[in-house]
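Presented below is the structure to which this report refers.
Residue numbers (our numbering): 386 to 764.
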């Protein structure tokens, strides 16, 4: 259908059977890529400023916006000024794939860069410019162009909620399902956008993603959802406590996922009026990490203050860093001073150890939770 004929059928397109799950064919694929590069005489030029593409981006608590970039031509040096998408920056730090600082990067090199003025998007083009003025002029032009395009394609959106989605579609009252998507990294957010927009919703409904971004679910997300009658989708992120309270006040639905497949299946079932009973998370307690202790043969113990609810030994727990889920597991140990305890109430200090996880930092939040089965039916 798209004009690709395999060599086994007399064509000139190389096909390789690959399974990342079973670790089959990866070496063959890499070998074929190198062979094609040699046959096509593909070469990269080291001279001049670097050009490349953003593979991934994220917000780091200590370093700020940072991105993984693949250099395609030229050479990037620490201190270079660059433009990427609709933002610009200066390469304050350049790191190789092991996290080791480097002073320059050559073509075909994946690197991490810090020094962005804003968080770039996965897929954005990256290129070095001579000076800061040039960078700002280019970004200003890109932003003006994007605003014109956005206004040209903007359409009024009708309101809908998930609970009455099926009945309203059948009655012809709505045509749009509005979604707000928040995720832990930009690549994930873009993957969810693509997957959601690829759902076949027929002629009676249209899925509209009115906002998507990286980071935890905030009050602004809830206010926007309340105005637009949108559903807030969180992927590997959690709502801020104030956002959770605001969502309850304005009856805004928040759906939290860790697997894209589950998200897509829920939307499909909701469209068909077939949403199955789900498990609702109940937050039992929250503790702020205020100190760290290294215990030989045990690992890192977090010195915490329980600020809400209670923390119970053996409970399901997740570690949040800037409202982004860093780890999910169980409370392996719980102590008051040197004594093992079963639970610690709000207002008391304690030591918490997480099962199999030691990368805890001061300022992190440990959230204990339980899952309760609830019946969710569409009206």
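Quick reminder that beta carbons are idealized off the backbone N, C-alpha and C, glycines included.
Here the structure is a predicted model, which means the values were calculated and not measured.
- Take the alpha-carbon of residue 630 and the one of residue 607: they are about 10 Å apart.
- For residue 460, there is no enclosing beta strand (DSSP E), as DSSP gives it neither H nor E.
- Taking residue 603 as the centre and dropping the five residues before and after it, the same chain places the C-beta of 625, 628 closer than 7 Å to its C-beta, in chain order.
- A residue is called buried once 16 or more other Cβ atoms fall within 10 Å of its Cβ, and residue 617 is buried on that count.
- Shown here, residue 638 sits in coil according to DSSP, grouped into three states, outside any helix or strand.
- For the pair residue 404 and residue 730, the Cα-to-Cα distance works out to about 48 Å.
- Nearest C-alpha to residue 399 among 424, 645, 514: 424.
- Taking each of 677, 668, 682 in turn and checking the Cα distance to residue 692, the smallest one comes out for 668.
- Residue environment for residue 413: exposed (fewer than 16 other C-beta atoms within 10 angstroms of its C-beta).
- Spanning the alpha carbons of residue 649 and residue 581 requires a straight line of approximately 7 Å.
- For the 8 Å CB-CB criterion, residue 734 and residue 698 do not form a contact.
- With contacts defined as CB atoms closer than 8 Å, residue 578 and residue 601 fail to qualify as a contacting pair.
- Between residue 690 and residue 583, the alpha-carbon positions lie close to 45 Å from each other.
- In the DSSP assignment, residue 564 is bridged to 594, 616.
- Taken in chain order, the complete beta strand (DSSP E) segments of 3 or more residues contained in the stretch 447 to 535 are 449 to 458, 466 to 469, 472 to 480, 494 to 501, 510 to 514.
- Secondary structure at residue 681: coil, using DSSP grouped into helix, strand and coil.
- If you ignore the 5 residues before and after residue 410, its C-beta comes within less than 7 Å of the C-beta of 401, 402, 403, 404, all in its own chain and listed in chain order.
- Bridge partners of residue 624 according to DSSP: 602.
- Looking only at 678, 639, 747, 703, the smallest Cα-Cα distance to residue 723 is reached by 678.
- Between the stretch 748 to 756 and the stretch 695 to 714, the count of Cβ pairs shorter than 8 Å is three or higher; the stretches touch.
- Take residue 507, set aside five residues on each side of it, and the residues of its chain with a beta-carbon closer than 7 Å to its own are 439, 440, 441, 442, 571, 572, 575, in chain order.
- In chain order, 569, 643, 710 place their CB closer than 6 Å to the CB of residue 621, counting only its own chain and leaving out the 5 sequence neighbours on each side.
- Sorting 640, 737, 675 by C-alpha distance to the C-alpha of residue 683 places 737 at the top.
- The alpha-carbon separation between residue 449 and residue 755 amounts to approximately 32 Å.
- In this structure, the alpha-carbon of residue 597 lies about 15 Å from that of residue 645.
- In this structure, the straight-line span from the alpha carbon of residue 717 to that of residue 395 is close to 60 Å.
- Looking from the CA of residue 503, the closest CA among 470, 593, 531 belongs to 470.
- Contact between residue 437 and residue 456 is confirmed by a C-beta separation of about 4 Å, below the 8 Å threshold.
- Residue environment analysis places residue 388 among the exposed positions, since fewer than 16 neighbouring C-beta atoms fall within 10 angstroms of its C-beta.
- The three-state secondary structure of residue 711, taken from DSSP, is strand.
- Residue state for residue 720 is assigned as strand, using DSSP reduced to three classes.
- Looking only at 681, 473, 489, the smallest Cα-Cα distance to residue 480 is reached by 489.
- The residue among 639, 712, 430 with its C-alpha nearest the C-alpha of residue 666 is 639.
- Note on residue 519: under 16 other CB atoms within 10 angstroms of its CB, so exposed under the neighbour-count rule.
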